[in-house]
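Q: Protein chains in written order, with the UniProt record's numbering: chain A, 1 to 479; chain B, 1 to 479; chain C, 1 to 479; chain D, 1 to 479. In this text, a Cβ means the ideal position worked out from N, Cα and C, and glycines have one as well.
Number of protein chains: 4
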Amino acid sequence: MSYEVRSLNEECGVFGIWGHPDASRVTYFGLHSLQHRGQEGAGIVSNSEGKLLGHRDLGLLSEVFKDDRQLEQLTGHAAIGHVRYATAGNGSVDNIQPFLFKFYDGQIALAHNGNLTNAKSLRNELEKDGAIFHSNSDTEILMHLIRRSHQPSFLERLKEALNAVKGGFAYLMLTEDSMVAALDPNGFRPLSIGQMVNGAYVVASETCALEVVGAEFIRDVNPGEIIVIDEDGLTVEHFTEDTQHAICSMEYVYFARPDSNIAGVNVHSARKRMGKILAIESPVEADMVVGVPNSSLSAASGYAEESGIPYEIGLVKNQYVARTFIQPTQELREQGVRMKLSAVRGVVAGKRVIMVDDSIVRGTTSRRIVNLLKEAGAKEVHVRIASPPLRYPCFYGIDIQTRKELIAANHSVEEICECIEADSLAFLSEEGLIEGVGLQFDAPYSGLCMAYFNGDYPTPLYDYEEQYQASLKEKISFF
Amino acid sequence: MSYEVRSLNEECGVFGIWGHPDASRVTYFGLHSLQHRGQEGAGIVSNSEGKLLGHRDLGLLSEVFKDDRQLEQLTGHAAIGHVRYATAGNGSVDNIQPFLFKFYDGQIALAHNGNLTNAKSLRNELEKDGAIFHSNSDTEILMHLIRRSHQPSFLERLKEALNAVKGGFAYLMLTEDSMVAALDPNGFRPLSIGQMVNGAYVVASETCALEVVGAEFIRDVNPGEIIVIDEDGLTVEHFTEDTQHAICSMEYVYFARPDSNIAGVNVHSARKRMGKILAIESPVEADMVVGVPNSSLSAASGYAEESGIPYEIGLVKNQYVARTFIQPTQELREQGVRMKLSAVRGVVAGKRVIMVDDSIVRGTTSRRIVNLLKEAGAKEVHVRIASPPLRYPCFYGIDIQTRKELIAANHSVEEICECIEADSLAFLSEEGLIEGVGLQFDAPYSGLCMAYFNGDYPTPLYDYEEQYQASLKEKISFF
Amino acid sequence: MSYEVRSLNEECGVFGIWGHPDASRVTYFGLHSLQHRGQEGAGIVSNSEGKLLGHRDLGLLSEVFKDDRQLEQLTGHAAIGHVRYATAGNGSVDNIQPFLFKFYDGQIALAHNGNLTNAKSLRNELEKDGAIFHSNSDTEILMHLIRRSHQPSFLERLKEALNAVKGGFAYLMLTEDSMVAALDPNGFRPLSIGQMVNGAYVVASETCALEVVGAEFIRDVNPGEIIVIDEDGLTVEHFTEDTQHAICSMEYVYFARPDSNIAGVNVHSARKRMGKILAIESPVEADMVVGVPNSSLSAASGYAEESGIPYEIGLVKNQYVARTFIQPTQELREQGVRMKLSAVRGVVAGKRVIMVDDSIVRGTTSRRIVNLLKEAGAKEVHVRIASPPLRYPCFYGIDIQTRKELIAANHSVEEICECIEADSLAFLSEEGLIEGVGLQFDAPYSGLCMAYFNGDYPTPLYDYEEQYQASLKEKISFF
Amino acid sequence: MSYEVRSLNEECGVFGIWGHPDASRVTYFGLHSLQHRGQEGAGIVSNSEGKLLGHRDLGLLSEVFKDDRQLEQLTGHAAIGHVRYATAGNGSVDNIQPFLFKFYDGQIALAHNGNLTNAKSLRNELEKDGAIFHSNSDTEILMHLIRRSHQPSFLERLKEALNAVKGGFAYLMLTEDSMVAALDPNGFRPLSIGQMVNGAYVVASETCALEVVGAEFIRDVNPGEIIVIDEDGLTVEHFTEDTQHAICSMEYVYFARPDSNIAGVNVHSARKRMGKILAIESPVEADMVVGVPNSSLSAASGYAEESGIPYEIGLVKNQYVARTFIQPTQELREQGVRMKLSAVRGVVAGKRVIMVDDSIVRGTTSRRIVNLLKEAGAKEVHVRIASPPLRYPCFYGIDIQTRKELIAANHSVEEICECIEADSLAFLSEEGLIEGVGLQFDAPYSGLCMAYFNGDYPTPLYDYEEQYQASLKEKISFF
């Protein structure tokens with residue numbers, strides 16, 4: 001029942017369109033389908049005949065653009081937008097993107113999904129040289145690098161800057177006369193291109209946004225590419241040839257919407273395959289398979305189909321929960337007053353339940369859901385996780401940057417099973433995950449980044465190296 | 001994809017608690033789990049040592065109670081609350097319940113789920129006799145009847161009043177020294193009683209609210225009963241013995257949460273059984289079964305399980321859609337810009353899809369979803385509806401009061417199939433619905449109200465009789 | 001400097017118009033000029049071809065009608081509006097007027113300025129007979145009396161009801177086919193009629209509202225009159241002939257805007273005359289005359305002109321203070337942190353100041369302003385009050401209903417002078433007030449109600465008699 | 001009656017405090033008394049043990065700090081705040097001050113009142129060198145200059161930067177360990193220092209803010225000074241010795257609050273003296289003197305006192321007008337529906353009125369007020385302006401930067417008199433203004449800036465020179 005905000009937070013979603021008379025409105029709908037990638041804030045910048053106009057604020061997209069008035073001011077044939085991930089603390093509107101920069105010689109808007117691994121070093125160097133930053137975000141760094149470059153053209157300056165930043169990044173930019181996208185050399189974050197019937201080009205973090213705005217999928221942006229869209233159409237440039245696919249595996253496991261395709265692989269189908277492989281790897285006798293809504297329903301249906309055990313709705317998520325600021329007091333919590341997730345007593349009472357979830361971070365959520373099922377009368381609860389144990393932090397755009405938060409970093413599967421009070425526990429194998437996703441790139445792990453599971457980071461860690469080495473020595477007990 | 005607000009709206013949810021130090025807060029959480037029964041407005045009245053205190057407003061519960069400040073003012077050991085259904089027009093806060101009445105000789109709060117069939121006659125009579133009404137709601141009528149009764153005790157006055165009102169009603173009242181619930185002689189609307197660990201009594205429209213607040217289910221309120229809860233505990237009274245169960249079948253089909261039990265029957269399980277019977281009654285060769293989220297997922301999983309055809313997530317609902325006031329323009333809509341519901345191209349493309357939905361009202365929504373699946377590449381779309389055709393209006397608490405809105409009132413299944421552009425269409429039979437729900441009451445249709453499907457109303461229609469007869473003569477074509 | 005909300009609160013302002021295509025908008029501007037008569041809430045009801053439409057809420061008029069959207073919905077050629085006075089406690093929107101009643105046989109909106117002296121008795125009787133009230137306001141009583149009357153016409157029913165209510169009342173009503181105003185037999189509250197260039201009739205609590213909407217003053221509503229305005233023009237009716245003018249003297253002293261005329265007397269000019277008489281009655285040697293802004297500036301200029309002592313701006317009111325919810329903490333207050341009112345050190349330092357104020361209620365505000373002048377360096381502060389000592393409560397529409405709040409009820413002028421720490425203190429005489437206002441009615445005190453000053457109430461006190469007698473025995477010391 | 005927003009807008013107010021446990025709250029009250037200097041936005045930054053915390057937003061101070069929650073987060077013993085002037089267009093929160101900068105090696109907050117004359121050149125140079133600006137405000141320039149300076153200490157870097165910026169500026173800064181104020185070499189804008197009883201130092205744009213927070217006036221900040229306040233107390237530094245007083249005369253005429261002293265001269269007293277001199281320079285036979293509220297009341301009382309003609313309240317300003325967004329339609333305006341300012345018919349009808357105002361910008365407001373008095377029955381309206389004709393733009397902090405807006409730049413007094421439809425018109429002479437203010441500095445015009453009146457600018461105009469020369473050639477007719 002009571003079920004906390006997930007510890008895993010995505011680092012944003014971007015959407016842009018070039019060549020549509022109602023560009024900011026289309027951007028609104030595109031961003032709306034990417035809202036799951038960030039709820040802290042949102043913004044849109046449009047290009048109105050060379051003049052960039054923007055609106056951004058803290059809150060859900062529907063709160064930032066409460067009615068048509070704000071959108072109507074963002075006229076023009078091109079626009080980019082951004083949704084920013086939710087943090088616990090109080091955010092500042094200064095960090096909400098797209099950032100809009102106005103210079104004596106031009107204007108540019110910038111949106112970013114990802115995380116730089118050398119942000120701190122670059123920022124310190126720039127500040128020592130007189131630069132002034134206006135946000136805590138590492139996104140601003142790229143703009144300083146571009147403005148300080150002495151290359152002759154914007155594209156050359158951009159390439160120089162992109163070679164200076166390290167880590168995971170999907171940038172989307174709007175200038176007075178073009179829309180520009182760029183993806184890091186590993187392609188950690190998804191970024192796709194589509195086209196609408198009227199010829200307008202669309203760039204989005206997930207293909208679900210292309211569907212929602214009625215755009216046809218054209219191609220993914222590849223690692224190391226710069227995509228320039230302007231009145232002459234679409235041009236592909238490269239800022240580096242030293243690339244190798246390492247797509248974030250958590251996009252498939254948890255983050256992305258089931259109706260998106262990443263690198264040609266449908267997310268729901270990948271999850272269902274992972275559920276099937278999990279059923280083969282870790283079978284158990286039971287009366288029903290129950291998925292934790294909403295992200296684990298695909299994997300649960302795969303497990304059920306493969307095992308032949310009935311798929312049931314044994315857990316119900318309250319669809320109105322997202323924006324409630326009133327929480328049960330500790331006392332009420334102890335009396336069993338819960339929100340968000342309910343176990344279906346009429347379904348699970350007296351039954352042996354296989355509970356399928358996508359991942360375990362701290363374990364506290366899993367323990368609560370197991371107990372919730374047991375309080376509703378489940379006789380046994382067997383937990384099956386449709387991904388391998390999370391053991392290592394991510395530095396490319398997911399906000400787990402310490403191993404302290406990861407129960408699997410410090411405990412065996414048996415210990416975790418005991419901790420979450422399940423009758424049995426099993427995780428999908430690394431091979432099962434790779435097979436379930438089914439990428440075919442000529443790269444380690446077929447093109448997936450598996451670092452959270454095995455510590456095999458595809459790039460140097462730069463500013464995070466020290467912190468990472470320290471975390472390896474931490475021994476935290478969850479008991 | 002774009003998928004309109006459903007034409008079927010529930011007439012509210014009620015929740016009350018007696019005997020808890022944090023009564024208004026518990027009521028908040030109880031109402032929160034009943035938010036699906038009404039989104040227009042919400043309110044809570046608490047009993048603070050005999051003084052009734054209330055707060056109500058238009059909007060979702062989380063908007064009406066934005067932070068702890070409003071709740072903290074509603075002190076006391078007892079409280080009742082209400083969520084009101086959404087209408088198209090602009091509502092007035094005057095209609096938001098609970099209504100709180102203050103008299104020189106006492107106070108009373110009143111909340112209501114249902115619809116009276118003789119409201120207009122009663123109101124006119126009362127107004128002719130000098131009564132002043134302050135809302136459009138028929139709920140106020142009961143209070144006028146009570147206050148004008150010359151019976152010697154409150155309970156006697158209440159019984160007299162309850163015998164004067166006709167139709168469907170589940171009332172919940174809070175007085176200075178008691179909480180009182182009452183249910184109409186047919187029990188059209190669900191109303192259940194639970195008890196918390198500390199002994200506090202809880203009354204709620206659905207059992208999911210009992211679960212959420214950690215209360216154990218005690219019993220349902222039966223037709224014709226008055227339940228009085230006060231410092232002496234719970235007493236059962238009757239205002240009539242002339243009762244016969246006719247539980248609204250649409251509660252099982254569409255309204256209620258899957259984790260609720262109504263008359264001892266779990267809603268998810270009932271829906272899954274309906275899906276199974278539907279699979280037996282109307283099989284079709286196909287590659288996958290897809291449910292329309294969220295209400296049809298149970299029936300779809302039943303259909304899949306029975307037929308052995310894989311259950312897939314072929315439609316995705318945007319969980320952030322509820323409160324967006326910005327809509328695509330007609331032009332964007334034609335260009336394919338959609339919100340709310342997306343088809344999963346990666347799943348359905350090239351496949352024969354069985355689309356399971358719970359009901360068809362006008363048919364426009366069904367046509368949109370069929371087209372959405374086809375635009376995403378589905379080769380065939382076979383629609384299976386897990387309830388019989390809706391042909392007659394409801395006068396007991398669902399806001400379909402004319403046959404004009406009902407495509408099945410005027411068209412054959414073949415015509416509807418053509419209208420919604422499906423490759424085939426089938427509805428569950430009436431027998432299938434009754435068997436799927438599985439009630440065992442000694443009453444017509446085993447205790448279900450089947451009037452929407454067959455026009456067999458369990459009571460006289462009073463003020464609606466004329467309107468109903470007229471509607472039978474209407475011939476509206478949807479083509 | 002910090003200077004509390006005045007203890008004297010007016011009981012509202014009303015405005016209505018009949019015969020203007022933009023009636024609700026004109027009503028907005030009329031009410032806007034009456035905002036000083038009430039800040040708790042506001043509302044407008046319009047008549048759109050016989051259908052009454054209303055909007056009301058807590059807050060200033062500009063908060064209730066935030067933008068054009070609410071006004072645009074209030075279409076029609078006639079409208080009435082109301083501003084309600086501010087109270088300390090949390091108000092409920094249920095008490096905000098105009099009240100809008102909808103019956104099977106018609107609609108009526110009702111707004112009220114004043115206070116009934118037999119409200120409690122009437123309400124109890126009505127409730128015993130089955131009536132249900134929906135507000136705490138005594139305004140609703142009239143509507144119950146009208147609806148329960150058995151007279152043959154609306155006008156006859158209204159007359160019967162107006163003869164049943166006692167005290168001070170200025171009613172404004174809007175029905176489907178007329179606008180109706182009525183004034184109590186003593187005319188305690190002002191109510192005037194004007195006409196716009198297009199022929200539209202306007203009724204308003206003060207003539208300043210006529211000026212603001214460009215209407216020409218026609219006549220005052222007289223005690224005991226009913227004014228009916230409909231498509232046949234304006235008709236004067238009487239519900240009683242037993243009338244005698246007793247206009248609230250505090251309207252001249254404090255409440256009304258200086259640009260209003262009451263009974264033909266300009267309020268600024270009356271105040272200036274009071275200041276002149278005060279200068280003659282109570283001269284003192286000093287360097288300057290300083291008025292307490294804003295209500296006492298007229299009297300101060302009169303005092304200065306008569307005495308020949310220079311008029312200076314020695315106190316400045318912060319014009320932005322009205323809506324600030326942040327107040328200095330007790331600690332900061334003690335450190336001298338103040339808002340609202342500042343003494344002008346550069347003006348008063350080293351000088352002998354005559355501080356002119358309109359009245360003294362508790363004395364705490366006066367003491368603060370005296371101290372504020374002294375802290376700014378004033379050598380002497382001589383307080384001159386441009387009205388007689390307030391010694392008795394008001395039951396006709398000002399919210400002083402106990403003598404406990406009145407320092408002059410229990411203390412001599414010398415004691416008050418000591419209490420407010422002034423160097424000297426004098427009040428205007430009763431004769432001076434009557435002469436300064438200068439009414440010419442053939443009635444006691446030339447037509448003024450002087451009850452606050454001398455306890456000579458123009459009517460029986462009904463439900464308040466007991467409370468009043470008790471208050472006479474109270475001896476409260478302010479020391 | 002209808003009376004537009006003044007064309008003259010002040011460029012902000014600043015307030016800071018060092019050494020008070022409740023620094024941000026005291027800053028709130030200080031800024032509150034400076035609200036007349038800017039209504040577009042407000043902000044406060046506090047120093048919480050070396051960590052700077054800020055909150056700023058568009059709107060009045062009371063809107064930006066709606067309740068105690070925002071203030072409570074701004075803990076610390078020091079704080080600075082800013083109110084920003086209102087513009088017609090939609091502002092961006094990016095321009096609201098104080099600006100808060102966070103660097104790897106420190107933090108600094110910056111607030112500014114004034115206008116730089118070489119902002120455009122400096123900004124272009126900085127941008128060419130890679131600087132990124134985040135606001136349209138010229139305030140940010142100082143920070144870039146400081147950060148790019150190679151001087152060894154903060155104070156040296158600040159001095160270098162202050163010598164690079166030209167024009168009118170009063171800066172207030174908060175660093176981790178000090179509060180710093182700086183004033184331009186001409187002292188165009190007022191800036192004063194006070195001290196609270198507990199020893200805390202206060203810096204404010206006007207002395208009224210010192211009074212309001214209970215601080216004693218210590219000294220003014222002098223031209224060319226840097227005031228450093230830190231744990232060692234107050235230190236006076238100089239960034240230049242090349243200084244000469246040229247205090248903005250419009251501060252005395254119109255902007256400053258009457259209870260403020262500027263350079264030791266009380267503003268009310270200065271205005272009253274100007275009114276007296278005006279009465280001597282330009283007498284006229286009449287029945288009364290009426291001031292345009294609120295800024296002209298002091299001058300009007302001076303005129304009345306000197307001339308012996310009675311001072312009357314013939315114009316009333318609606319105190320609730322400030323925040324109303326609903327305006328009369330053009331049609332209603334023509335029908336005479338007005339807000340904001342009313343003429344008092346009961347006072348002026350049939351009388352010869354001397355209307356005293358502080359200045360004339362376009363003349364449209366004056367014409368409206370003259371007409372308003374005449375419509376209320378005034379027989380004659382003689383306009384007397386308590387300052388010389390405004391003929392030249394200001395580049396030091398008032399937003400008149402073109403002569404096109406100035407009727408007196410293009411028309412004689414006779415023409416203006418005709419244009420505003422007055423019976424006679426006279427302005428105060430330049431000598432009268434200088435004498436009325438009564439400064440004693442050894443500088444042209446005794447230390448006043450008289451440039452608006454005579455074009456004698458105390459400094460080179462830098463980036464504005466070209467624009468200014470062009471404006472001299474413009475010939476705009478107001479007829």
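Determine the extent of the alpha helix (DSSP H) in which C/N454 is found, giving its start and end residues.
A: A451 to N454
Q: Taking 8 angstroms as the limit between beta carbons, can you name the residues of its chain near A/E241, skipping five residues before and five after?
A: G224
Q: Answer yes or no: does any C-beta atom of chain D fall closer than 7 angstroms to that of A/N124?
A: Interface residue, yes.
Q: Specify the secondary structure class of A/V383 as computed by DSSP and reduced to three states.
A: strand
Q: Using only CA atoms, which one of A/G19, A/G314 and A/S359 lies nearest to B/K272?
A: Per the Cα distances, A/G314.
Q: Just by C-beta distance, which residues in the region 97-122 of chain B are closer than 8 angstroms to chain C?
A: F101, K102, F103, Y104 and D105
Q: Taking the CB atoms as reference points, tell me whether D/G336 and D/A200 lie closer together than 7 angstroms.
A: Not closer than 7 angstroms, so no.
Q: When you compare only the Cα positions, how much space is there between C/H82 and D/P460?
A: C/H82 and D/P460: Cα-Cα distance of roughly 58 angstroms.
Q: Please determine whether the Cβ atom of A/M450 lies at a distance below 6 angstroms from any heavy atom of the ligand SAH.
A: Because no ligand of any kind appears in the structure shown, any question about the ligand SAH cannot be addressed here.
Q: A/A451 to A/F133, Cα distance in whole Å?
A: 31 angstroms
Q: Where does D/D232 sit, in a helix, a strand or coil, going by DSSP?
A: It is coil, neither helix nor strand.
Q: What span of residues does the alpha helix (DSSP H) with C/F103 cover, start to end?
A: Run containing C/F103: none in the alpha helix (DSSP H); it sits in the beta strand (DSSP E), F99 to F103.
Q: For my contact list, D/R148 and A/Y104 are in at a C-beta cut-off of 8 angstroms; report their separation, rounded to the angstrom.
A: Wrong, their Cβ atoms sit about 17 angstroms apart, outside the cutoff.
Q: Using only the alpha-carbon positions, how far apart do D/I80 and D/P21 sit?
A: 14 angstroms
Q: Could you name the residues of chain A that B/D68 contacts, counting a contact when the two beta carbons are closer than 7 angstroms?
A: I326
Q: If we define contact as Cβ-Cβ less than 7 angstroms, is B/T87 a contact residue for chain C?
A: Bear in mind that a pLDDT of 49 at B/T87, under 50, signals an unreliable position, so the number given afterwards is only what the model happens to contain. Taking Cβ atoms only, chain C never reaches closer than 7 angstroms to B/T87, which makes this a no.
Q: Taking DSSP as the reference, what is the three-state secondary structure of A/V344?
A: coil
Q: Decide yes or no for the touch test of the region 366-376 of chain D against the region 413-424 of chain D: beta carbon pairs closer than 8 angstroms, at least 3 of them.
A: Enough Cβ pairs lie closer than 8 angstroms, so yes.
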